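Q: I'd like to ask you about the structure that follows.
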Amino acid sequence: MSASYPLTHNVIFRGSQLRPLTEPSTPISPEPQLPTDPFWLTDDLIFHYQRCDRRAYLDIRGDRSQTDPPSDYLQKIKQDSAEHRVMVLADYDPVQRPQFPPGDWQAGAQATVTLMAAGAEAIVGGVLLTPMVTPRRRGTYLISRPDLLVKQPGWSLWGDWQYEPIDIKLGKKPKLDYQVVATYHAYLLAQIQGNWPQASWLALREGRYHAVDLDQQLPKMTEVLLACWHSLQAPTAPEVFIAHSRCDLCRWYSHCYTTASSQQHLSLLPGVTPARYTHLQNLGLTTVDTLALAHPTRLAHLPGFGDAVAEKLVHQAQATLHNRAIARSVSGQPFPLSPRELPSAAVELYFDIEAAPDFDLIYLHGVLVVDHRQGTETFHPLLAETVDEEHRAWEQFLDLVLQYPDAPIYHFCPYEAQTARKLTQHYGSLGRGELNRLLSRFVDIHWAVTEAVTLPVESYALKHIARWMGFQWRDSEANGAQSICWYNDWRTTGDRTYLEAILRYNEDDCRATYHIKRWLTEFAQPFWACAAPLTAAASQ
26 MSASYPLTHN VIFRGSQLRP LTEPSTPISP EPQLPTDPFW LTDDLIFHYQ
76 RCDRRAYLDI RGDRSQTDPP SDYLQKIKQD SAEHRVMVLA DYDPVQRPQF
126 PPGDWQAGAQ ATVTLMAAGA EAIVGGVLLT PMVTPRRRGT YLISRPDLLV
176 KQPGWSLWGD WQYEPIDIKL GKKPKLDYQV VATYHAYLLA QIQGNWPQAS
226 WLALREGRYH AVDLDQQLPK MTEVLLACWH SLQAPTAPEV FIAHSRCDLC
276 RWYSHCYTTA SSQQHLSLLP GVTPARYTHL QNLGLTTVDT LALAHPTRLA
326 HLPGFGDAVA EKLVHQAQAT LHNRAIARSV SGQPFPLSPR ELPSAAVELY
376 FDIEAAPDFD LIYLHGVLVV DHRQGTETFH PLLAETVDEE HRAWEQFLDL
426 VLQYPDAPIY HFCPYEAQTA RKLTQHYGSL GRGELNRLLS RFVDIHWAVT
476 EAVTLPVESY ALKHIARWMG FQWRDSEANG AQSICWYNDW RTTGDRTYLE
526 AILRYNEDDC RATYHIKRWL TEFAQPFWAC AAPLTAAASQ
């Protein structure tokens, strides 16, 4: 029988070192007899729980027929992760792999222990398993599958060696959720080999290795592990909460979004973060209707709110409830944008960039030239088909925009202006004065919209705003992530169909930006008209 260790917060420390859990005289191995229906608490569940407790719950209790197929971008991430994994493992060749039937965690754990007891230098695909023994949690087994177990000098049940776990991650930074899982690996490994590993490692991109501070992360890991276990035992899934930054690539996104939409959940309102939602719940403001009727002063004193956020959230609920745009009032002004901040000219330029992060390449500058004098709209795709052509494409952009020295250059979000500065400095294309004059023509339409108006949209991203205003993309599923996949496919296959899809998408982004600018200008006219007589009177 295996030795068992209760999971508690009372972990013993010795200075900055963790004390060995035990020093038994016989090797630890998984229990030979499992309950009829064991509950497996895996490292994957703990990882996903940290990002979304509902995701972890649905992964073990949800109906898999309701999951989304993986997007092209998610498939690309998986492929990139696999390639990164191969590169890291190459440094540990040869490695040994425990042999066991797929899904048989007990057999996998026993095979892993056998390899460790034999002193294998490096083990890939190992399984660490131990019971979670407390009176309320019998039948729960903790499982982790570190990417690598690497033999190091030290002490273990088997002799003068021990193992350290390594997790291979595609990220560039040691994110907290990575570190918690790495600590989980170390915790299980300590119980199996009888001593804490000297370190638990993250193998990150660009050859970076990060040693997790086990003293620091063990209390957090314990907290997450217990909370995850309790959440997974509940009779119903945790409350839905849609956060596009973390939900868009999740296989349960459509299922959760349908649930949130049916409830008119407040997480669908821009600006309602998990922390703010908790405060709104405490005030009984849990629906769009109740939030729309609230006075901003009820919210302004709450942590993370303030006057501006409180007013914005109430206006957001009102705009959503009535499906109408609401002009923002800032410092007593009924409309905070002036014609100078939303300029119109005889010629206007609308600019959108496409980049290939895998190649550190800015490969497309799309410019829509709107000539109001001639009544024409001309799209210019300034394209670098190879890395070596990036400079040429940038010079073509400069040649085009400098033909219209008085034309405002509209774009969506700061990226285009930031990239223009970066490329100019990299290639020495313009002097400082010329660069400043060029950048002074850039107008961020995203800033203008969010500064001036509250819209009944779920996100202030380009597609959400433009679609509400009536614009439609020719490829309905096209987005920035998809364009990255298309470019990689183009580089791999040479099939220009992918390139043409990118150009079509980029042109539509430029035209969407133009569409938003026209809508906002029309929306602003009544406010500007009212302000004009006041300005004239003040000048007399």
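Per the numbering used here, the sequence shown runs over residues 26 to 565. Glycine included, every Cβ here is placed at the ideal spot set by N, Cα and C. Because the structure is a prediction, the values reported are computed rather than measured.
Could you give the distance in angstroms between the alpha-carbon of Ala-432 and the alpha-carbon of Cys-438?
A: Reading the sequence shown from its first residue, position 407 is the one you call residue 432. Reading the sequence shown from its first residue, position 413 is the one you call residue 438. When rounded, the distance between both Cα atoms is 18 angstroms.
Q: Buried or exposed for Leu-201, going by 16 or more other Cβ atoms inside 10 Å?
A: Translated into the one-based positions of the sequence shown, residue 201 becomes position 176. Counting Cβ neighbours within 10 Å, Leu-201 comes out exposed, since fewer than 16 surround it.
Q: When you compare only the Cα positions, how much space is there between Leu-362 and Tyr-435?
A: As a position in the sequence shown, residue 362 is number 337, starting the count at 1. As a position in the sequence shown, residue 435 is number 410, starting the count at 1. Cα to Cα, the separation comes out at about 15 angstroms.
Q: Taking the Cβ atom as the reference point for each residue, do Phe-376 and Cys-275 lie within a distance shorter than 8 angstroms?
A: On the sequence shown, residue 376 is found 351 positions in, with the first residue counted as 1. On the sequence shown, residue 275 is found 250 positions in, with the first residue counted as 1. Contact: no.
Q: Three Cβ pairs or more, each shorter than 8 angstroms: is that satisfied between the segment 211-228 and the segment 178-191?
A: Taking 8 angstroms as the limit for Cβ pairs, the verdict is that the segment 178-191 does touch the segment 211-228.
Q: Is Val-412 a contact residue of the ligand ATP, with contact defined as CB to any heavy atom under 7 angstroms?
A: What this structure holds is no ligand at all, so the ligand ATP is not there to describe.
Q: I'd like the span of the beta strand (DSSP E) that includes His-326, first residue to last.
A: For the purposes of this step, residue 326 is identified with residue 301 of the sequence shown, where counting begins at 1. No beta strand (DSSP E) holds His-326; DSSP gives it neither H nor E.
Q: Please specify which runs of the beta strand (DSSP E), each continuous and at least 3 residues long, are wholly inside the segment 479-556, giving them in chain order.
A: DSSP runs (the beta strand (DSSP E)) wholly in the segment 479-556: none.
Q: At the level of alpha carbons, what is the spacing between Asn-531 and Ala-252?
A: Locating residue 531 in the sequence shown gives position 506, where the first residue counts as 1. Locating residue 252 in the sequence shown gives position 227, where the first residue counts as 1. Going from the Cα of Asn-531 to the Cα of Ala-252 covers about 45 angstroms.
Q: When burial is assigned at 16 or more other CB atoms within 10 Å of the CB, is Tyr-452 buried or exposed?
A: For the purposes of this step, residue 452 is identified with residue 427 of the sequence shown, where counting begins at 1. It counts as exposed.
Q: On the criterion of 16 or more Cβ atoms from any shown chain inside 10 Å, does Ala-409 qualify as buried, or is it exposed?
A: Locating residue 409 in the sequence shown gives position 384, counting from the first residue. Ala-409 is buried by the Cβ-count criterion.
Q: Within its chain, find whatever has a CB closer than 6 angstroms to the CB of Ala-381; leave out the 5 residues flanking it on each side and keep chain order.
A: Mapped onto the sequence shown, residue 381 falls at position 356. These residues qualify, in order along the chain: Tyr-388 and Tyr-512.
Q: Let's see if you can read the secondary structure: which residues bound the alpha helix (DSSP H) around Ala-317?
A: Looking up residue 317 in the sequence shown gives position 292. Where Ala-317 is concerned, the enclosing alpha helix (DSSP H) stretches over 313-318.
Q: Just the Cα atoms here: how many angstroms apart are Asp-385 and Thr-444?
A: For the purposes of this step, residue 385 is taken as residue 360 along the sequence shown, with counting starting at 1. For the purposes of this step, residue 444 is taken as residue 419 along the sequence shown, with counting starting at 1. Their Cα atoms are separated by approximately 12 angstroms.
Q: Quick check on Asp-383: buried or exposed, where buried means 16 or more other Cβ atoms within 10 Å of its Cβ?
A: To locate residue 383, count along the sequence shown from 1; it is residue 358. The residue is exposed, with fewer than 16 neighbouring Cβ atoms inside 10 Å.
Q: By the DSSP assignment, the alpha helix (DSSP H) with Gln-75 in it spans what residues?
A: To locate residue 75, count along the sequence shown from 1; it is residue 50. Run containing Gln-75: 68-76, per the alpha helix (DSSP H) assignment.
Q: Which residue from Phe-422, Ala-224 and Ser-286 puts its Cα closest to that of Pro-266?
A: To locate residue 266, count along the sequence shown from 1; it is residue 241. Per the sequence presented here, residue 266 reads as Phe, with Pro not at that position. Among Phe-422, Ala-224 and Ser-286, the Cα nearest to that of Phe-266 is on Ser-286.
Q: On the DSSP letters alone, give me the boundaries of the alpha helix (DSSP H) that His-304 sits inside.
A: Reading the sequence shown from its first residue, position 279 is the one you call residue 304. 299-307 is the extent of the alpha helix (DSSP H) around His-304.
Q: With a CB to CB cut of under 8 angstroms and the five nearest residues on each side skipped, what residues in its chain are close to Arg-80?
A: The residue labelled residue 80 in the question sits at position 55 within the sequence shown. So the list reads His-73, Tyr-74, Cys-275 and Trp-277, once near-sequence residues are dropped.
Q: Kindly list the residues whose CB is nearer than 7 angstroms to the CB of Leu-464, restricted to its own chain and excluding five residues on each side of it in sequence; keep chain order.
A: On the sequence shown, residue 464 is found 439 positions in, with the first residue counted as 1. Ala-442, Ala-445 and Arg-446.
Q: Any idea if Ala-134 is buried or exposed, counting beta-carbon neighbours within 10 angstroms, 16 or more meaning buried?
A: If you number the sequence shown from 1, residue 134 lands on position 109. When all chains shown are included, Ala-134 counts as buried.
Q: If you measure between the beta carbons of Ala-268 and Val-478, is that distance less than 8 angstroms?
A: Taking the first residue of the sequence shown as position 1, residue 268 is located at position 243. Taking the first residue of the sequence shown as position 1, residue 478 is located at position 453. No.
Q: Sort Gln-306, Gln-223 and Asp-97 by Cα distance to Lys-176 and report the nearest one.
A: Residue 176 sits at position 151 when you count from the first residue of the sequence shown. It is Gln-223 whose Cα lies nearest to the Cα of Lys-176.
Q: Please report the Cβ distance between Ala-142 and Ile-191, rounded to the nearest whole angstrom; I am assuming they are in contact, meaning their Cβ atoms lie under 8 angstroms.
A: Position 117 of the sequence shown holds residue 142. Position 166 of the sequence shown holds residue 191. Actually they do not touch by this definition, with Cβ atoms about 20 angstroms apart.
Q: Is Pro-156 closer than 8 angstroms to Ala-17 when the C-beta atoms are compared?
A: Given that the chain is displayed from residue 26 to residue 565, the structure contains no residue 17 and the question cannot be resolved.
Q: Could you pull the start and end residues of the alpha helix (DSSP H) that Thr-137 belongs to?
A: On the sequence shown, position 112 is the one that residue 137 refers to. 130-142 is the extent of the alpha helix (DSSP H) around Thr-137.
Q: Give the straight-line distance between the Cα atoms of His-611 and Leu-346, rounded to the nearest whole angstrom.
A: Residue 611 lies beyond the stretch modelled for the chain, which goes from 26 to 565, so this question has no answer here.
Q: Using C-beta distances below 7 angstroms, list every residue in its chain close to Ala-491, excluding the 5 sequence neighbours before and after it, in chain order.
A: Residue mapping note: residue 491 aligns to position 466 of the sequence shown, counting from 1. Excluding sequence neighbours, Ala-491 sits near Ala-537, His-540 and Ile-541.
Q: Report the three-state DSSP secondary structure of Trp-183 (helix, strand or coil).
A: Position 158 of the sequence shown, counted from the first residue, corresponds to residue 183. Trp-183: coil per DSSP, three-state reduction.
Q: Which word fits Ser-41, buried or exposed, when buried means at least 16 other C-beta atoms lie within 10 angstroms of its C-beta?
A: Looking up residue 41 in the sequence shown gives position 16. Low confidence applies here, because Ser-41 scores a pLDDT of 36, under 50, leaving its location unreliable; read the following figure in that light. With fewer than 16 Cβ atoms within 10 Å of its Cβ, Ser-41 is classed as exposed.
Q: Could you tell me which residues DSSP pairs with Ser-169 in its beta bridges?
A: What you label residue 169 is simply residue 144 of the sequence shown in a count that begins at 1. According to DSSP, which records beta bridges pairwise, Ser-169 is partnered with Leu-153.
Q: Once you ignore the five residues that flank Lys-245 on each side, which residues in its own chain have a CB closer than 7 angstroms to its CB?
A: Here residue 245 is taken as the residue at index 220 of the sequence shown, counted from 1. Hits under 7 angstroms: Val-205.
Q: Rounded to a whole number of angstroms, what is the C-alpha to C-alpha distance between Thr-411 and His-390?
A: Start at 1 with the first residue of the sequence shown, and residue 411 comes out as number 386. Start at 1 with the first residue of the sequence shown, and residue 390 comes out as number 365. C-alpha separation (whole angstroms): 14 angstroms.
Q: One question on the structure: do Val-395 and His-405 come within less than 8 angstroms of each other, judged by their Cβ atoms?
A: Working through the sequence shown from its first residue, we reach residue 395 at position 370. Working through the sequence shown from its first residue, we reach residue 405 at position 380. Taking 8 angstroms as the Cβ cut-off, Val-395 and His-405 do not qualify as a contacting pair.
Q: Considering Phe-404, what are the terminal residues of the beta strand (DSSP E) in which it resides?
A: As a position in the sequence shown, residue 404 is number 379, starting the count at 1. It spans 401-408 - the beta strand (DSSP E) in which Phe-404 sits, taken as one unbroken run.
Q: Which residues does DSSP list as the beta-bridge partners of Phe-64?
A: Position 39 of the sequence shown, counting from 1, holds the residue named residue 64. Answer is Thr-165.
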